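A.B. asks:
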Amino acid sequence: MKIFYIVPLESIHAERWMRYFADAGHDIHLITSDKPSQIIKNVKVNPLKRFGPHSPIISHLVNSVA
Numbered sequence: 022m023k024i025f026y027i028v029p030l031e032s033i034h035a036e037r038w039m040r041y042f043a044d045a046g047h048d049i050h051l052i053t054s055d056k057p058s059q060i061i062k063n064v065k066v067n068p069l070k071r072f073g074p075h076s077p078i079i080s081h082l083v084n085s086v087a
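When you number the sequence shown by our numbering, it's gap-free, plus one each residue, and the end is 87.
Below, the structure is given as structure tokens:
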């Protein structure tokens, strides 16, 4: 199963869920505007590019999900 997470990378809870589902064999994708400071095994990072004058709003929405 493909699972997509849209979360800030500082969320320890999201990291634990991603590790759990990746270890269970699921296809995990992380969508974030943050730069990864560490690599989570079997999790594909998809950068959310900042663009235009509304990027602070998009960044706030992404970071307020967790």
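A virtual CB, placed ideally from N, CA and C, is assigned to each residue, including glycine. Since we're looking at a predicted model, the values are computed, not measured.
Taking the CB atoms as reference points, tell me whether Ile52 and Ile27 lie closer together than 8 Å.
C.D. replies: yes
A.B. asks: Can you find the residues in the same chain that come closer than 7 Å, C-beta to C-beta, to Leu69, ignoring five residues on each side of it along the sequence?
C.D. replies: Ile52, Thr53, Ser54, Val83
A.B. asks: Can you look up Leu51 in the DSSP assignment and give me helix, strand or coil?
C.D. replies: Three-state DSSP puts Leu51 in a strand.
A.B. asks: For a test of the three-state rule: what should DSSP assign to Ile27, helix, strand or coil?
C.D. replies: strand
A.B. asks: Under 8 Å, do Ile24 and Arg40 count as touching if we go by C-beta distance?
C.D. replies: No, these two residues do not count as a Cβ contact at 8 Å.
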